[in-house]
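**Student:**
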Amino acid sequence: MQEQETESPVLCSRSGRVATLTLNRPRQLNALNDALMDALGAALLAADADADIGAIIITGSERAFAAGADIAAMRGWSYADVFASDYVTRNWETIRRVRKPVIAAVAGHALGGGCELALACDLIIAADSARFGLPELRLGVIPGAGGTQRLPRAIGKARAMDLCLSARTIDAAEAERIGLISRLVPAERLQTEAAAIAASIAAQPPLATIALKEAINRAYESPLSEGLLFERRTMHALFATADLQEGMNAFLDRREARFRGR
Ligand code: CO8
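Per UniProt numbering, the very first residue in the sequence shown carries number 1; after that it's consecutive.
1. Closer than 8 Å by C-beta to SER222: which residues in its own chain qualify, once you throw out the five before and the five after it? Chain order, please.
2. Between residue 273 and the ligand CO8, is the CB less than 8 Å from at least one heavy atom?
3. Alpha carbon to alpha carbon, how far is GLN2 from VAL18?
4. If you drop the 5 nearest sequence neighbours on each side, which residues of the same chain put their C-beta closer than 8 Å to that of ALA167?
5. For my contact list, ILE170 and LYS100 are in at a C-beta cut-off of 8 Å; report their separation, rounded to the angstrom.
6. Please report how far the alpha carbon of GLU256 lies from the alpha carbon of GLY140, in whole angstroms.
7. Here's a check: name, in chain order, each residue in its chain whose Cβ is nearer than 6 Å to the Cβ of ALA172, leaving out the five neighbours to either side.
8. Let me check you understand the geometry: is the CB of GLU136 closer than 8 Å to at least one non-hydrogen atom of the ligand CO8?
9. Could you pull out every residue in the same chain whose Cβ sits closer than 6 Å to the Cβ of ILE210, ignoring the five residues on either side in sequence?
10. Check whether the Cβ of GLU116 lies closer than 8 Å to any heavy atom of the ligand NAP, and answer yes or no.
11. Starting from THR241 and walking both ways along the alpha helix (DSSP H), at which residues does that stretch end?
12. So, for ARG150: in the same chain, excluding its five sequence neighbours on each side, which residues have a beta-carbon less than 6 Å away from its beta-carbon?
13. Assess, as a yes-or-no matter, whether the region 26-44 is touched by the region 60-78 under the definition of 3 or more beta carbon pairs within less than 8 Å.
14. Please report the straight-line C-alpha distance between ILE178 and CYS164, rounded to a whole angstrom.
15. If I'm right that ALA84 touches GLY113 with Cβ under 8 Å, what's the distance once you round it to whole angstroms?
16. Can you name, in chain order, every residue of its own chain whose Cβ lies under 7 Å from the Cβ of ALA219, other than the five neighbours on each side?
17. Mapping the DSSP letters down to three states, classify VAL82 as helix, strand or coil.
18. Between the beta-carbon of LEU190 and the beta-carbon of VAL102, is there less than 9 Å?
19. In whole angstroms, give me the CA-to-CA distance for LYS157 and LEU180.
20. Between VAL10 and LEU45, how many whole angstroms is the CB-CB distance? I'm expecting something under 8 Å.
21. ASP243 to GLU176, Cα distance in whole Å?
22. Tell me whether MET248 is buried or exposed, calling it buried when 16 or more other Cβ atoms sit within 10 Å of its Cβ.
23. Mind listing, in chain order, the continuous beta strand (DSSP E) runs of no fewer than 3 residues lying wholly within the region 107-194?
What follows is the structure, encoded as structure tokens:
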């Protein structure tokens with residue numbers, strides 16, 4: 001029987017137009033169980049629906065972003081259990097539904113489902129203390145939250161096979177070298193840097209930001225000709241927004257733009 005946890009598994013805070021969601025199961029190194037994933041899914045959707053939020057950060061502790069799916073919870077599950085209830089994975093599609101940019105600020109362990117959670121985000125900012133890996137094979141399972149699909153797209157098949165089959169852990173410098181992360185920063189500056197990046201994204205015109213995220217994600221879903229057409233039509237559509245006129249006027253008037261999300 002799992003010990004009942006009284007604290008919320010996800011802490012939500014807000015600064016300006018940035019929402020920060022902090023994974024909060026420190027004793028289990030933020031192992032991902034259903035309670036945590038339910039809370040994370042709900043917090044993500046709430047931030048996405050809030051017009052005053054322009055970017056979302058998901059972070060963990062200094063020791064762990066997340067050490068994977070909760071092995072203690074999974075032990076003893078049968079095929080029927082996981083198939084019927086979609087345990088552990090049922091909230092993962094929620095992250096894909098979020099239209100605003102989501103930044104993973106990663107320190108310490110990002111293993112298994114923790115690495116997959118970071119991969120599901122739009123940007124990964126990693127501290128030099130970060131360690132990434134997909135060690136599921138050692139447990140007799142495979143990455144089940146997008147790892148076998150997102151990792152090859154992010155770093156190529158050869159490296160994805162190496163990481164998953166060897167089940168090894170890589171440091172932040174290697175993660176940066178192979179293109180797994182967006183930026184690498186000193187551990188003590190992780191939260192400040194992530195907040196600054198998120199604030200700069202949140203200050204961009206909101207509609208164009210959503211359109212940009214959709215267009216880049218389309219690169220993974222469609223042939224080049226379809227993706228290019230999607231990009232062009234999306235770009236054309238932005239000429240219908242007041243923010244596009246404001247952005248161009250502000251540039252030519254040599255003043256700060258005031259975007260209204262219209
Ligand atoms: N699940 C549950 N508890 C965990 C997990 C985990 N994934 N990771 C760590 N913990 C717990 C430990 O059991 C320990 O608890 P306690 O103090 O009660 O014994 C506590 O966290 C601290 O851990 P350690 O004592 O092991 O700390 P160390 O600093 O020695 O080691 C490590 C840290 C290297 C991170 C080590 O804990 C470890 O290897 N953890 C497991 C990593 C792992 O295998 N992750 C993959 C899990 S499977 C998965 O994510 C995908 C499943 C399929 C997809 C499902 C959708 C997500």
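Here a beta-carbon is modelled for each residue, glycine too, at the ideal position from N, C-alpha and C.
**Tutor:** Well, looking at it:
1. PHE230
2. Because the chain is modelled from 1 through 262, residue 273 falls outside the range shown and cannot be assessed.
3. Low confidence applies here, because GLN2 scores a pLDDT of 49, under 50, leaving its location unreliable; read the following figure in that light. Each residue's alpha carbon lies about 34 Å from the other.
4. GLY133, LEU134, PRO135, GLU136, LEU137, ARG138
5. That pair is no contact at about 29 Å.
6. 55 Å
7. ALA126, ASP128, ALA130, LEU184
8. yes
9. Excluding residues within five positions, the ones whose Cβ falls inside 6 Å are ARG99.
10. No copy of the ligand NAP occurs in the structure displayed; its ligands are the ligand CO8 alone.
11. Element bounds for THR241: n/a, residue is neither H nor E.
12. LEU119
13. yes
14. 14 Å
15. In fact, because the Cβ distance is near 20 Å, the residues do not count as touching under 8 Å.
16. GLY227
17. helix
18. Taking 9 Å as the cut-off, the beta carbon of LEU190 is found no closer than this to the beta carbon of VAL102.
19. 13 Å
20. That belief does not hold up - the Cβ atoms of VAL10 and LEU45 are roughly 12 Å apart, past 8 Å.
21. 34 Å
22. MET248 comes out exposed.
23. The qualifying runs are 109-111, 123-127, 131-133, 169-171, 183-185.
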